[in-house]
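Below: the structure, in structure tokens.
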Amino acid sequence: MSVLIKGGRVVTAADDYVADVYVEGERISLIGESLDVQADRVVDASGKYLFPGCVDPHTHLDMPFGGTVTIDDVESGQTAAAAGGTTCHVDFVIQPKGATFAEALEEWRGKANGKQVIDMGYHMAVTDLKEGGSLEELAGLPDQGITSYKLFMAYKGALMVDDETLFRTMEVAAETGALVMVHAENGDAIDVLVKKALSEGKTDPVWHARTRPPETEGEATNRAIQLARVAGCALYVVHVSCAESVEPIQLAREKGWNVHGETCTQYFFVDETFLERPDFEGAKYVYTPPPRAKANQGVLWNAVRTDTLSVISTDHCAFLWDGQKTLGRDDFSKIPNGGPGLENRLHMIHEFGVRAGRISMNRMVELLCTNPAKLFGLYPRKGTIAVGSDADIVVFDPEKRHTITAAAHHSKVDYNLFEGTEVTGSPELVLLRGSVLVEGDEVVARPGIGQFVERARFGDELRPAAAHAHR
Ligand code: URP
Ligand code: ZN
Ligand code: ZN
3 MSVLIKGGRV
13 VTAADDYVAD
23 VYVEGERISL
33 IGESLDVQAD
43 RVVDASGKYL
53 FPGCVDPHTH
63 LDMPFGGTVT
73 IDDVESGQTA
83 AAAGGTTCHV
93 DFVIQPKGAT
103 FAEALEEWRG
113 KANGKQVIDM
123 GYHMAVTDLK
133 EGGSLEELAG
143 LPDQGITSYK
153 LFMAYKGALM
163 VDDETLFRTM
173 EVAAETGALV
183 MVHAENGDAI
193 DVLVKKALSE
203 GKTDPVWHAR
213 TRPPETEGEA
223 TNRAIQLARV
233 AGCALYVVHV
243 SCAESVEPIQ
253 LAREKGWNVH
263 GETCTQYFFV
273 DETFLERPDF
283 EGAKYVYTPP
293 PRAKANQGVL
303 WNAVRTDTLS
313 VISTDHCAFL
323 WDGQKTLGRD
333 DFSKIPNGGP
343 GLENRLHMIH
353 EFGVRAGRIS
363 MNRMVELLCT
373 NPAKLFGLYP
383 RKGTIAVGSD
393 ADIVVFDPEK
403 RHTITAAAHH
413 SKVDYNLFEG
423 TEVTGSPELV
433 LLRGSVLVEG
443 DEVVARPGIG
453 QFVERARFGD
463 ELRPAAAHAH
473 R
């Protein structure tokens, strides 16, 4: 199968030009002016933008959490992703306590096999180095294409690890070249605040935010940065939500330390007052870290503009409002933590980032495609439009008007964080390795088309020779 996309405006992290793009099989094989080639399909992309397929490095599909399981499995979550122009994501394998990493990986692969609509990789969330996986086994994961370890510094009694586990994992990462990802909040302090609030009869959703103050995020971010320096590993701080955690990341980067950060779409748009919405509607916005005071939104736009934060992900972790969020109707601490967003990242960042003049179109591509691909070992196969790259291409119509609603979205979740938002600009055609995933508003690809991708180590060339010898 070959596809010739004619006259589109090719936008990568670095370039912006009008060209024809010729796709042969799964790869881009030619880019040029007025290409004279035969193709099975010719697409007229004049007036349209061509973006690389977006890469979402932070999602939770089919994940048991908070006494239930996320409503989107691999098929529904990836269908939503495809509709929004995301062609590759990296999901989290959560090591069940007492299980080896191999067992965890096998379980997670079983959830995805045959259901994949887009390409995917895995991070390994380490929860237990005592009874479950060993340090040796952890060290072997990068050879299997799992090149990032995730640790939760919060969710006490569930996913949270102690500093010993965090630091030992960092030491392994320094040896193997894996990237350490942290959910940075002080879980012990938050646990005290939650118990105190509940004992005082404070049970409404808004207490989710009030018991997780931004200082607890700032403290954990700084702790993780300092421990990563001692261990000598690369660090990636997920879902940064506030000035208190932006600041230590900014300082670290100014000093040239190997520290990277992401924020997520929702933190630019949803603030803490959403949690006060009556009739339990506030529960829709219970995710962690919580929506913050509105002043943080400007801080985050500035941070993504100046590369203090290098990625915008979704942290898609969807629970039904009616039936799952309601588990916490009488106790905010029992509301499953997480929100949806996999389908609307490009819509929202194009509208309120690019069209509103906050970031350039190149920077948007860098934040949504190129940097996630580079940091997570997928570049240049993914994350750009170039000869030899996978033909993961979004033909984006900058004039197409789209209203974001739960009624029309592809996720199984019964609400949308951005309900009713009108945007101008939407994907019109999405290709995954040369096959059509999305045509107009319809996801036409069949499950099974997506593949697992083995990821390379981040920044291999920067690592000392001794670490290379170890592998
Ligand atoms: O509330 C959230 N973010 N749920 C997903 C798990 C996590 O902390 O990323
Ligand atoms: Zn988290
Ligand atoms: Zn997450």
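Numbering (this note's numbering), first residue to last: 3 to 473. Glycine included, C-beta positions come from ideal geometry on N, C-alpha and C.
Per DSSP, which residues does residue i bridge with? Please list them.
i, result
"residue 113", "According to DSSP, which records beta bridges pairwise, residue 113 is partnered with nothing at all."
"residue 403", "426"
"residue 195", "Residue 195 is not bridged to any residue."
"residue 358", "None; residue 358 has no bridge partner."
"residue 454", "122"
"residue 437", "434"
"residue 182", "151, 237"
"residue 23", "7, 33"
"residue 43", "5"
"residue 108", "BP columns for residue 108 are empty, so no partner."
"residue 93", "61, 124"
"residue 162", "154"
"residue 445", "440"
"residue 398", "51, 429"
"residue 18", "13"
Note down, in chain order, each residue of its chain lying with its Cβ closer than 8 Å to the Cβ of residue i, except the 5 sequence neighbours on either side.
i, result
"residue 429", "85, 86, 87, 348, 396, 397, 398, 399, 440"
"residue 469", "Bear in mind that the predicted position of residue 469 carries a pLDDT of just 38, short of 50, making it unreliable; the figure below should be weighed with that in mind. Here the set comprises 176, 177, 178, 179."
"residue 17", "364"
"residue 70", "321, 326, 329, 338"
"residue 169", "229, 232, 233"
Excluding the 5 residues preceding and the 5 following residue i in the sequence, name in chain order all residues of the same chain whose CB lies nearer than 6 Å to its CB.
i, result
"residue 210", "288, 292, 334"
"residue 193", "158"
"residue 474", "Only positions 3 to 473 of the chain appear in the structure, and residue 474 is not among them; the question remains open."
"residue 218", "187, 188, 191, 192"
"residue 82", "344, 345, 412, 413"
"residue 45", "7"
"residue 56", "87, 88, 348, 370, 371"
"residue 161", "129, 154"
Tell me which residues share the same chain as residue i and place their Cβ nearer than 7 Å to its Cβ, disregarding the 5 neighbours each side in the sequence.
i, result
"residue 383", "391, 392"
"residue 367", "13, 14, 15, 53, 54"
"residue 379", "149, 457, 458, 459, 460"
"residue 80", "118, 119, 120, 452"
"residue 157", "189"
"residue 77", "117, 119, 449"
"residue 1", "This structure leaves residue 1 out entirely; the chain is present only between 3 and 473."
"residue 306", "265, 314, 361, 369"
"residue 61", "79, 91, 93, 316, 318, 344"
"residue 416", "322, 323, 324, 408"
"residue 285", "207, 323, 327, 330, 337"
"residue 278", "208, 284"
"residue 255", "261, 310"
Would you call residue i buried or exposed, if buried means 16 or more other Cβ atoms sit within 10 Å of its Cβ?
i, result
"residue 247", "buried"
"residue 407", "exposed"
"residue 257", "exposed"
"residue 240", "buried"
"residue 132", "exposed"
"residue 294", "buried"
"residue 243", "buried"
"residue 296", "exposed"
"residue 405", "exposed"
"residue 19", "exposed"
"residue 22", "buried"
"residue 410", "exposed"
"residue 281", "exposed"
"residue 466", "A caution first: residue 466 carries a pLDDT of 48, below 50, which makes its placement in the model unreliable, though a value can still be read off. Residue 466 is exposed by the Cβ-count criterion."
"residue 3", "exposed"
"residue 389", "exposed"
"residue 115", "exposed"
"residue 386", "buried"
"residue 10", "buried"
Complete runs of the beta strand (DSSP E) confined to the stretch 206-294 [at least 3 residues]: 236-239, 261-266
query = Contact between the stretch 230-240 and the stretch 166-185: three or more CB pairs below 8 Å?
reply = yes
Check your understanding: Would the stretch 315-323 and the stretch 259-269 be scored as touching if the rule is three or more Cβ pairs under 8 Å?
Key -> yes
**Item:** At least three beta-carbon pairs within less than 8 Å, the stretch 221-228 to the stretch 194-201
**Value:** no
Hey, which unbroken runs of the alpha helix (DSSP H) at 4 residues or more fall wholly within the stretch 55-88? 76-85
At which residue ranges does the stretch 305-379 contain complete beta strand (DSSP E) runs of 3 or more residues, listed in the order of the chain?
313-315
Open item on the list: Under 8 Å, with one C-beta from each stretch per pair, do the stretch 123-140 and the stretch 87-99 reach the 3-pair mark?
Closed with: yes
Determine, using beta-carbon pairs with one atom in the stretch 135-142 and one in the stretch 98-105, whether at least three such pairs fall under 8 Å. yes
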